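Note sheet for the following structure.
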Amino acid sequence: MNPELLSTDAIRLRVIEAEYDNLTKPLFIEKVQQIYFEETGNHLEGSIEVLWTTDVEALKGDTSGYNGTAIHFHSAPDTINQLYIISQGTIDSGDWYYNISSLLGGDQAYQATSAGIFKNYALRRFSKLDGDSPIVIGLAHSLAHNNNASSQLITNGFHKLYSVNGAQPSVYQLALTDRNLRSGLISAFPEILTDPSAIYTLPPASLTAFAEAYYNEKTEGIDQLISEDDPIYAISSIRGFFTAGRVRMIDTNPGTSGLRSMAEKVPDSFVARLQRLAQEYAAAFREGNYVKGIEALTGINVALFAGVSRLLGVLKIYFTQSAQIDEMIRRMNERIPPLFQLLKLVTQKRVPIWNAFFSNYFITEEQKKLLILETERIEENGQKAIELIEKVHARRDLGSYPVLPAQKGARWIPVTDLYYGIRLYFLVKRLRTNVKKMVETLKPVYCDILNSHSIVEMLQALKKEKHS
């Protein structure tokens, strides 16, 4: 006995969706009972107990950002004894940092480690209540699949995993988190032993093929539902990601062709450069916060201009904080040009990129023309901004100007320096206008893409499939 209670895709997906609502424990239990009755026509029998990550002492002060809920179903005499671990997907800035640093950058799978700690605690807790250990089933959406699946590949602690539109495991994450996999990789690719960063220069296809073969036996109990239109599914085609378990593809939005075919055409060299930027951002973030991350990438001292929105405020800082401005300009001159070169790889492909969005029914002909034009303007204005930064950097030599008596740290600024600074200010305003026009044009597309990642659209597609 002990058949799975949450036995259909619809029940599991609705329970995952309900977990996002952050209900109190009694209300969440009521919601689960309601979902079960609506989907099966039967009442849930036996006891239900809920545990949160905030209940776990070992996760107090956990900085990984992991959140989850455990549901234990039990009925005597042991006809039902099941533990469901629902890991939560991306919900806040901490999760987005993790997406950048770990999923894209290839940092350690910290959230997967926390998911394992939570699962083990819940298993011990509910095993004590019953005497026997319950079967353990993981439920996940989005980032949560990466957490549950990575934990399973490392520890093999789940009996079953179910997920919808999940972020796939990454060989780069797992190489830093799973010692056994790392040992295997070192045997296959000895250069990693002497230079750990060499893993990022190896052929990604060779790495993922190795990981798929290495973890093959641990993927048997993993079942995934994925929308053909899900943006995470599109992203999973880039370097490092591999699919774990069985996948059932669903066309949740027949009106579009999805993003996967476009994502597959992105050169790996471009993704590798993004990966390096993500690693730099993550390293700076760990030392401070997202502001430090931005500063590490661009050289811009965000804190210096905090709360300043008008030109007068910028000029005041320009005159009174010259030493800090000088250092910022030097760093900007070092860091922004490489970023702009990366951006140009996109802007110079603007016609085929927006043609692809048009061909796949995401945008109209008129929208395509506007997006091509604004992308061109971003490149032009960006190039002018780079040239101005170079000129300001070349002409600015604070050591040759006297300190103003009125304020320590202030210096006389050459007129040309101030002129370039004002031009740069207005160029940035123009760039913001270009970006704003593109964002407004792409809002409906963004909403469609987000909907295709949602549980709601998947449920609607499954319902149509059932009645077709």
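Counting in full-length UniProt numbering, the sequence shown runs from 1 upward without gaps.
Quick reminder that beta carbons are idealized off the backbone N, C-alpha and C, glycines included.
Note that the structure is predicted; figures quoted are calculated from it, not measured.
Would you check if the distance between the CB atom of S87 and the CB atom of G138 is smaller than 9 angstroms? yes
Compute the distance between the beta-carbons of I235 and A167, then report whether it is under 9 angstroms. Yes, they are a contact pair.
For K436, count the other beta carbons within 10 Å of its own beta carbon; 16 or more makes it buried, fewer makes it exposed. Which is it? exposed
Is the segment 277-284 touching the segment 246-255 in the sense that three or more CB pairs, one from each, lie closer than 8 angstroms? no
Measuring straight from C-alpha to C-alpha, what distance separates V271 and Y66? Note on geometry: alpha-carbon atoms of V271 and Y66 lie some 26 angstroms from one another.
Could you tell me whether the Cβ atoms of G245 and T219 are closer together than 9 angstroms? yes
Alpha carbon to alpha carbon, how far is D448 from Y233? Spanning the two alpha carbons is a distance of roughly 15 angstroms.
Identify the continuous beta strand (DSSP E) that holds E49 and give its terminal residues. 47-52
As an exercise, report each continuous alpha helix (DSSP H) stretch of at least 4 residues that is fully enclosed by the segment 120-194, in chain order. 143-155, 171-177, 179-188, 191-194
Neighbour-count burial assignment, D21, 16 or more Cβ in a 10 Å radius: exposed
Closest by CA to G258, which one among A18, G184, L450, P203? L450
What number of angstroms, rounded off, separates the C-alpha of I35 from the C-alpha of V15? 7 angstroms
If you compare alpha carbons, which of P3, L23, L297, E39 is closest to R12? E39
Work out the CA separation of N216 and A122 for me, nearest whole Å. 27 angstroms
Suppose the cutoff is 8 angstroms on Cβ atoms and the five residues either side in sequence are ignored; what does the same chain contact list for A263 look like? A234, I235, S237, I238
Using the beta-carbon count (16 or more within 10 Å), is T177 buried or exposed? buried
Endpoints, alpha helix (DSSP H) assigned at D95: 93-98
Best match in T8, V428, D62, K464 for proximity to I300 [C-alpha to C-alpha]: If we check each option's Cα against that of I300, V428 comes out closest.
Within 10 Å of its beta-carbon, does P134 have 16 or more other beta-carbons around it, so buried, or fewer, so exposed? buried
If you draw a straight line from the C-alpha of L370 to the C-alpha of K384, how long is it? 21 angstroms
Ordered along the chain, which non-local residues of its own chain (more than five positions away) have a Cβ less than 6 angstroms from that of E457? T252, N451
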